[in-house]
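Numbering (my numbering), first residue to last: 1042 to 1556.
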């Protein structure tokens, strides 16, 4: 008779998914969603970017938030389908390597590492500033801010090193405080706009459905300017997929959590942006003195004292949570690259007690401190110029992931309308939009006038030079690893196994005849 038994759908590879020593089955779906939302730092993202969007498009800020959500949702779809086929904590690195080759995959992994290291300086700075503001210190000594920022890095590195469960519990607490504060702010602001809590504030504007209409944006250049800001405030939800090997239902759960995280983010951004501009109007939001921190500028007017501290807590917990969830994906990307021999074996070591990427986690904290302290001591302008280069890395590796999905599933795209749309058209559109964002950002950052310092380095703006140098360092390291261990770089292009495309990366049944 015929008996079905399990066998792998594809040959196992060294350092493959589930073979790196991480603590499997440790995280549930909710924890994954929390990590994805917290990584994006919605409180801080809104505080720092809402005014810039309003400067570009006026009352159409909610429309821009919706439009920027589209490419993020489409790239999240790419993450879902790629994770079904290859639930590897290296995410973009592993998937692009399979679909587009080891050289492109290596640079995709390097893009993740660079983005995470760059943003750590900014998150630490914000955490330091808002810690002091919470205690009423509004113009602190920069060295005190630096010391507190470094302390936050140390604390979050240790939490991440100790274990994934502690990391998840910390995220639930921090994100919970952040979202509660943002909800209270939004509800109170809208109630006051409609006169339910006293006189209507001067400059208030009742929300209109027209705010969500992108066709009312005055020009193509305004649309582009708003999109370039808004796209990047969605960055971070992919952290939920980097903990796939530590999640239950690894092939399905993390990808679904990423999709849900993007939906939660767009809801947060729409509600808060509507509440903020309804309460104060665009003139207040775009005033130069308010552009650095819109929520801080509105806090006392909306909530009064001492409830205005809630928004300080929102931004502080946002930056702190994102500091931790930035360390998580970097360490796991490095782990995956090392396990597949794209980096030296040292980086694949797992802490035997906590089952976390020990060296990768600790060194991510150390490098973040060195980067933050170094930039701060040289110049605050250099710090801000380095942060301006962040968008290039995000657009680069997100875009690569979208293209990789289409290429990896290319033989499955025309096996039904669902496949064509969700695995082909959506990821491709998302990748094309991010490629446009990458090119447009390069053009903008090439102009020295668009940098924090206004200086010219070799005829270009410092952010573009910083990004170029850091990518060049990656190329040098890649060739050095090729010389040291060439095995990884001999990998051939792959295409998704038909069984995996349908069922995910689970054992495929093989029929065996038994007498």
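Ideal placement from N, C-alpha and C gives every residue a C-beta, glycine not left out. Please read all numbers here as calculations on a predicted model, not as lab measurements.
Candidates 1409, 1232, 1385 and 1437: which alpha carbon is nearest residue 1424's?
-> In the chain shown, residue 1424 corresponds to position 383, counting from 1. Closest by alpha carbon: 1409.
What residue does the alpha helix (DSSP H) around residue 1198 start on, and which one ends it?
-> Counting from 1 along the chain shown, the entry for residue 1198 is found at position 157. Note, residue 1198: alpha helix (DSSP H), 1183-1203.
Taking C-alpha atoms, which residue in 1427, 1311, 1439 and 1522 lies nearest to residue 1502?
-> Here residue 1502 refers to the residue found at position 461 when the chain shown is read from its first residue. Closest option to residue 1502, Cα to Cα, is 1427.
Is DSSP giving residue 1276 helix, strand or coil here?
-> Stepping through the chain shown from its first residue, residue 1276 is reached at position 235. Note: residue 1276 maps to coil in three-state DSSP.
Between 1522, 1518, 1524 and 1479, which lies nearest to residue 1505 when the distance is taken from Cα to Cα?
-> Within the chain shown, the letter at position 464 stands for residue 1505. When only C-alpha atoms are compared, the closest one is 1479.
Report, in whole angstroms, the separation of the C-beta atoms of residue 1130 and residue 1285, which I expect to be a contact under 8 Å.
-> Within the chain shown, residue 1130 is the residue found at index 89, counting from 1. Within the chain shown, residue 1285 is the residue found at index 244, counting from 1. Going by Cβ atoms, the distance from residue 1130 to residue 1285 rounds to 6 Å, so yes, they are a contact pair.
Comparing alpha-carbon positions, which option in 1231, 1544 and 1397 lies nearest residue 1199?
-> For the purposes of this step, residue 1199 is taken as residue 158 along the chain shown, with counting starting at 1. Measuring from the Cα of residue 1199, the nearest candidate turns out to be 1397.
How is residue 1237 classed by DSSP in three states: helix, strand or coil?
-> The residue you call residue 1237 lines up with position 196 of the chain shown. Here residue 1237 sits in coil by DSSP.
Within 9 Å, strictly: CB atoms of residue 1143 and residue 1520 = Taking the chain shown and counting its residues from 1, one reaches residue 1143 at position 102. Taking the chain shown and counting its residues from 1, one reaches residue 1520 at position 479. No; because the gap between Cβ atoms is not below 9 Å, this pair is not in contact.
For residue 1455, the three-state DSSP class (helix, strand or coil) = As a first step, residue 1455 must be located in the chain shown, where it is residue number 414. Here residue 1455 sits in coil by DSSP.
7 Å CB neighbourhood of residue 1095 in its chain, flanking five on each side removed | Here residue 1095 corresponds to residue number 54 of the chain shown, with the count starting at 1. 1102, 1318, 1323, 1326 and 1327.
Please classify residue 1068: does DSSP put it in a helix, a strand, or coil?
-> Walking along the chain shown from the start, residue 1068 turns up at place 27. Of the three classes helix, strand and coil, the one that applies to residue 1068 here is strand, per DSSP.
With burial defined as no fewer than 16 other Cβ atoms inside 10 Å of the residue's Cβ, what is the status of residue 1533: buried or exposed?
-> Along the chain shown, read from residue 1 onward, the residue named residue 1533 stands at position 492. Per the 10 Å Cβ criterion, exposed.
Around the C-beta of residue 1257, are 16 or more other C-beta atoms found within 10 angstroms, so that it is buried, or is it exposed?
-> What you label residue 1257 is simply residue 216 of the chain shown in a count that begins at 1. Burial call: exposed.
Residue 1062 versus residue 1393: straight-line alpha-carbon distance, rounded | Start at 1 with the first residue of the chain shown, and residue 1062 comes out as number 21. Start at 1 with the first residue of the chain shown, and residue 1393 comes out as number 352. Approximately 9 Å between the Cα atoms of the pair.
List the DSSP bridge partners of residue 1501.
-> Taking the chain shown and counting its residues from 1, one reaches residue 1501 at position 460. Paired residues: 1498.
Identity of the residue in 1430, 1262, 1349 and 1168 nearest residue 1159 by Cα | For the purposes of this step, residue 1159 is taken as residue 118 along the chain shown, with counting starting at 1. Of 1430, 1262, 1349 and 1168, the residue nearest in Cα terms is 1430.
To which residues of the same chain is residue 1301 closer than 7 Å at the C-beta, ignoring the five residues directly before and after it?
-> Taking the chain shown and counting its residues from 1, the one referred to as residue 1301 is at position 260. Cβ neighbours of residue 1301 beyond the five flanking positions: 1074.
With DSSP run on the structure shown, which of helix, strand or coil describes residue 1089?
-> As a working note, residue 1089 is residue 48 in the chain shown. Looking at residue 1089 - three-state DSSP - the assignment turns out to be helix.
Per DSSP, which residues does residue 1420 bridge with? Please list them.
-> Position 379 of the chain shown holds residue 1420. For residue 1420, which the question treats as bridged, DSSP gives no partner whatsoever.
Three or more C-beta pairs below 8 Å linking the stretch 1469-1485 and the stretch 1451-1460 | no
Excluding five sequence neighbours on each side, which residues of the same chain lie with their C-beta closer than 7 Å to the C-beta of residue 1296?
-> Along the chain shown, one-based indexing puts residue 1296 at 255. Same-chain partners within the cutoff: 1120, 1121, 1124, 1125 and 1282.
On the three-state DSSP scale, how would you describe residue 1288?
-> As a working mapping, residue 1288 is identified with position 247 in the chain shown. Three-state result, residue 1288: strand.
Burial state of residue 1542 (16 or more Cβ within 10 Å) | Indexing the chain shown from 1 puts residue 1542 at position 501. Buried.
Pair within 9 Å by beta-carbon distance, residue 1486 and residue 1270 = For the purposes of this step, residue 1486 is taken as the residue at position 445 of the chain shown. For the purposes of this step, residue 1270 is taken as the residue at position 229 of the chain shown. For residue 1486 and residue 1270, no; Cβs fall outside 9 Å.
Determine the DSSP secondary structure at residue 1128, reduced to helix, strand or coil.
-> Taking the first residue of the chain shown as 1, we reach residue 1128 at position 87. In the structure shown, residue 1128 sits in coil (DSSP, three-state: anything other than H, G, I, E or B).
State the Cα-Cα distance for the pair residue 1115 and residue 1177, rounded to the nearest angstrom.
-> As a first step, residue 1115 must be located in the chain shown, where it is residue number 74. As a first step, residue 1177 must be located in the chain shown, where it is residue number 136. Cα to Cα, residue 1115 sits roughly 42 Å from residue 1177.
Secondary structure of residue 1350, DSSP reduced to three states = The residue labelled residue 1350 in the question sits at position 309 within the chain shown. Here residue 1350 sits in helix by DSSP.
So does the stretch 1359-1371 actually touch the stretch 1227-1245, counting three or more Cβ pairs closer than 8 Å?
-> no
Report, in whole angstroms, the separation of the C-beta atoms of residue 1354 and residue 1090, which I expect to be a contact under 8 Å.
-> Against the chain shown, residue 1354 aligns to sequence position 313. Against the chain shown, residue 1090 aligns to sequence position 49. Residue 1354 to residue 1090, Cβ: 19 Å. No contact.
Answer yes if the stretch 1185-1203 comes into contact with the stretch 1167-1174, meaning at least three C-beta pairs across the two stretches below 8 Å, and no otherwise.
-> yes
What span of residues does the alpha helix (DSSP H) with residue 1397 cover, start to end?
-> For this step, residue 1397 is matched to residue 356 along the chain shown. Neither: residue 1397 is in no alpha helix (DSSP H) and is coded neither H nor E.
What is the rounded straight-line gap between the Cα of residue 1460 and the Cα of residue 1105?
-> As a working mapping, residue 1460 is identified with position 419 in the chain shown. As a working mapping, residue 1105 is identified with position 64 in the chain shown. Each residue's alpha carbon lies about 28 Å from the other.
Entirely enclosed alpha helix (DSSP H) segments - the stretch 1143-1184, minimum 4 residues | 1143-1175
Going by C-alpha distance, which of 1363, 1083, 1060 and 1059 is nearest residue 1311?
-> As a first step, residue 1311 is located in the chain shown; it is residue number 270 there, counting from the start. Measuring from the Cα of residue 1311, the nearest candidate turns out to be 1083.
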